[in-house]
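Here the protein sequences line up with chains A and B, keeping their order.
Counting in numbering that gives the first Met the number 0, the first sequence runs from 0 upward without gaps.
Counting in numbering that gives the first Met the number 0, the second sequence runs from 0 upward without gaps.
Glycine residues also receive a C-beta, built at the ideal position from the N, C-alpha and C atoms.
2 protein chains.
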Amino acid sequence: MMKTVTTPVPDSASTPQFKRWLTGRQQQVQQALQQIFCVPADESRLDAAMQYAVLGGGKRLRPLLAYAAAEALGGAAVTADLAACAVECMHAYSLIHDDLPAMDDDVLRRGQPTCHVKFDEATAILAGDALQALAFEILVSTKTPELAPALRLRMVQELAMASGRNGMVAGQALDMAATGVQLAESKISRMHQLKTGALITASVMLGALSTGLATADQLVALRSFAEAAGLSFQIQDDILDVEASTSVSGKEQGKDARQHKATYTSTLGLQAAKTRLVQVAAQAQAALQDFGPNAAMLRQLAQYLVERKA
Amino acid sequence: MMKTVTTPVPDSASTPQFKRWLTGRQQQVQQALQQIFCVPADESRLDAAMQYAVLGGGKRLRPLLAYAAAEALGGAAVTADLAACAVECMHAYSLIHDDLPAMDDDVLRRGQPTCHVKFDEATAILAGDALQALAFEILVSTKTPELAPALRLRMVQELAMASGRNGMVAGQALDMAATGVQLAESKISRMHQLKTGALITASVMLGALSTGLATADQLVALRSFAEAAGLSFQIQDDILDVEASTSVSGKEQGKDARQHKATYTSTLGLQAAKTRLVQVAAQAQAALQDFGPNAAMLRQLAQYLVERKA
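This is how it looks when you write it as C-alpha cells:
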C-alpha cells in the first residue's frame, strides 16, 4: 500500500557529501573483503575464481545499503562490515551462477569475462557454491564478539531466508521459467521481489541488526523502505536495459528484450515504467519519515538507485 | 597419529539392536525432512527438484552420525533432528552439483536419473543452491528455541566451514584437478578429508552440539572419531568401486578408474587399501574409549561404514 510522502525527497543523490560517503564505503567493503581472502584457501584455482568474482568491482549496492542502514540507526559503519561482506559474497555467487551457460549464458559482466569464461564451468559452479558458504561463515566469524549471539542468529536467518527457495533462488527459477512468456505486472513484481528484492532487503536488515540498536518499529520501517528501494532498483534496471548504451552500463543494451525476459518496460511500456519508478521511489522515502538526519545517506542512496545510469 | 586401541571394537555392526536403530533413525530424518517441505515454496519446479534430491532416499549416513553423536552424549535423538536435516540438505546439494555435466557428468544416482537429467541443468544448479541455503535456514529455525543461541552459532560455523573453500567445495575442486593425475597418499587423503570428511565431521559435531551436553574434551574426542570414521568411509568407497557390482552399489562399477580419479586403491593397491582401512577403523573406535554404553550405536555405525557393501 502506498503511504503519503511527508518527508522531503532529496532532489538528487549527487551531493558532495554523498559522493564522499559512497566512495568511502566502497573502499571500506573492498578492504574488508580483501581481508577475508588474506587467509589462503586449500585450492588456489577455486580461490582465484572466488576473488575474481568478489574483488573485481561492481557498485557494491548491497554493502552500501548495509552500511547506510547501520548509520541510519546511529551505528558506526564498521559494525556493518560483516553484514556488508556477507551480502556481497551472496550477491557475487548469484551472479556467477546466473551467468552460467545453462542459465543466462552471459560472457561479459562489468565489461570483463564472466567467471566460467575466465576459468571454466566447473570452477565457476564451485566458486559460487563456496561463496554462499563463505557468506554464512562471515556472519558467524568471531571477529566481532561484542555482537549478541541472538542478533547474529537473526542475521543468519534473514540471509538464509532471503537466499533460498523462498528468496533469491526462487526468483531466478521464476525468471528462467518466465523467459519468452508475457507476465502480468504482479507476477513480474513477485519475480523481482524474490530475485533481487529479497537480498536487497536482507542487506538493509543485516546492516540494521548488526548495530544492536534497532527497535522493532525501526526494523519494520526499514523493511518497508528496503522493499520499495529494491523494487525501484529493478524498474530502473529494466529502463536502463532499454535506454543505456553498452558502453555506459557495461551490459549489452537490449539484452533482456532479445532474451525475451519479462521486464517492467516490456509489460508496462517505457513511460508507464518511469511513472511507476517515481511512485515506488517516493514510497521508499516515505518509509524513512520517522528517521532523523542520521538517515541522510540512506535516503540519498535510495535516490541514487533510481538516478543511476549504469 | 595412531592411538592404541583399548576399547573392544564391535565384531559386526549387524546386531538386531543396531539394525532397529538404523531403520528407526532413517525414518526419523525422512519424516523431519518431509516436514520441512510441507511449507510450499514459491517455485514449484525448483521445489520438486529439491525434494527429488533430498527425499529420494540414500543411506542417510550423515544424519545417522548426527543422531548417534547426540545419543552418545546422553541426548535424545530428537534434539539432533535439525542437525540431521541440515547436513543431509548440504550433502544432497553437493551430490546434485557433483553430478552436473560440467563436473562428474553422472546420469545415475542411487539407480535413479540424476537431478539435471530428471529436470534440467538450470533447475539442478538452482536446486543445489537453494538446498545449501536451506541447510543454514534449518539450523537457525525457531523450532527448538531451547537451544542456546551461542550453541546454534557454533553449529552454523561448523557447517559453514565444513562446506566451503576450506571444506567440501575445496575437496571437489581438488578432485576435479586431480583427475588423470597420480597422487601421493597424503594428497588423496587431504582431498578426501575435504571432500567428504569435512561434512562427516560436521555431522558428528552438529549432533553433539545440538544436545548442549558436550564437554570440550568430548568434542575433541568426537572430532578425532569423526575424522577417522570419514576416512574409513572413503577408503571403503574406493574399495567398493573396484569390487562391488553396479547392481549392489547403485553406482557404475569401476567408474573412478575409468574417469582416472585419484583413489586409495589406485595409489596403494587393493590389499594395502584394505590394511589401511582396518587401521583407520581402529583409530575411530579408539577415539571413543572414554565414552560409555551410550556410544554403542555410534561405535556400531562406524563399523557399519567399513562393512557396508554399497
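Check	Outcome
Within a Cβ cutoff of 8 Å, which residues of the same chain sit near R44 (chain B), ignoring the five residues on either side of it in sequence?	F118, T122
Using CA coordinates, which residue listed in B:P62, B:S209, B:E70 is at the minimum distance from I199 (chain B)?	B:P62
Of the residues A:L276, A:A295, A:Q29, A:Q233, which one's Cα is nearest the Cα of A261 (chain A)?	A:Q233
For a cutoff of 9 Å on Cβ pairs, would you count G166 (chain B) as touching chain A?	yes
In chain A, what lies closer than 8 Å to R44 (chain B) by C-beta?	A172, A176
Any contact of the stretch 125 to 134 of chain B with the stretch 148 to 166 of chain A, i.e. 3+ C-beta pairs under 8 Å?	yes
Among B:D104, B:A82, B:A91, which residue has its Cα nearest to the Cα of L138 (chain B)?	B:A82
At a Cβ threshold of 9 Å, is L158 (chain A) touching chain B?	yes
Return the CA-CA distance between L99 (chain A) and I95 (chain B), expressed in angstroms with no decimal places.	16 Å
Any beta-carbon of chain A closer than 9 Å to the one on R61 (chain B)?	no
Determine whether the Cβ of A91 (chain B) lies closer than 9 Å to any Cβ atom of chain A.	no
Going by other Cβ atoms of all chains shown within 10 Å of its Cβ, with 16 needed for buried, is L269 (chain A) buried or exposed?	exposed
Going by beta-carbon coordinates alone, are C114 (chain B) and L32 (chain B) separated by less than 9 Å?	no
Cβ of A177 (chain A) within 9 Å of Cβ of K186 (chain A)?	yes
Hey, how far is the Cα of E157 (chain A) from the Cα of L297 (chain B)?	35 Å
Taking contact to mean 3 or more Cβ pairs, one atom from each stretch, closer than 8 Å, check whether the stretch 265 to 281 of chain B and the stretch 208 to 223 of chain B are in contact.	no
Which word fits T264 (chain B), buried or exposed, when buried means at least 16 other C-beta atoms lie within 10 angstroms of its C-beta?	buried
Counting only Cβ pairs nearer than 9 Å, list the residues of chain A close to E120 (chain B).	L99, P100, A101, M102
For L60 (chain B), tell me which candidate among B:S202, B:D289, B:L212 has the shortest Cα-Cα distance.	B:S202
Reducing DSSP to helix, strand and coil, say where Q131 (chain B) ends up.	helix
Determine the direct distance from the alpha carbon of E42 (chain B) to that of L182 (chain A), and round the result to whole angstroms.	15 Å
Need the endpoints of the alpha helix (DSSP H) that A295 (chain B) sits in, please.	295 to 306
Assuming R211 (chain A) contacts M190 (chain A) (C-beta within less than 8 Å), just tell me the rounded distance between them.	Note that residue 211 (chain A) is Gly in the sequence shown here, rather than Arg. Between M190 (chain A) and G211 (chain A) the Cβ distance is about 34 Å, and since that is not below 8 Å, they are no contact.
Taking only the alpha-carbon atoms, compute the straight-line gap between T78 (chain B) and E70 (chain B) and give it to the nearest angstrom.	9 Å
Would DSSP call P39 (chain B) helix, strand or coil?	coil
Could you check which residue in A:L304, A:S13, A:E120, A:L205 has the C-alpha nearest to that of A172 (chain B)?	A:E120
Using CA coordinates, which residue listed in B:V241, B:R307, B:E306, B:L300 is at the minimum distance from Q16 (chain B)?	B:L300
Indicate the three-state DSSP secondary structure (helix, strand or coil) for A126 (chain B) in the structure shown.	helix
Note down, in chain order, each residue of its chain lying with its Cβ closer than 8 Å to the Cβ of D46 (chain B), except the 5 sequence neighbours on either side.	F36, P39, A40
Evaluate E145 (chain A) with the Cβ neighbour count: other Cβ atoms within 10 Å of its Cβ, from every protein chain shown; 16 or more gives buried, anything less gives exposed.	exposed
Excluding the five sequence neighbours on either side, which residues of its own chain have a C-beta within less than 7 Å of the C-beta of T22 (chain B), listed in chain order?	none
Taking any Cβ of chain B, which residues in the stretch 22 to 44 of chain A have a Cβ under 8 Å from it, in chain order?	A40, D41, E42, R44
What residues in its chain sit with their C-beta under 7 Å from that of Q235 (chain B), if we drop five residues either side in the sequence?	L276, L304, V305, R307
Quick one: list the residues of chain A neighbouring H259 (chain B), beta-carbon separation under 8 Å, in chain order.	Here the premise fails: no neighbours, minimum Cβ distance about 16 Å.
Can you list the residues of chain A that S162 (chain B) reaches, using a CB-CB cut of under 7 Å?	A132
For H191 (chain A), would you say it is in contact with chain B, using Cβ-to-Cβ distances shorter than 9 Å as the test?	no
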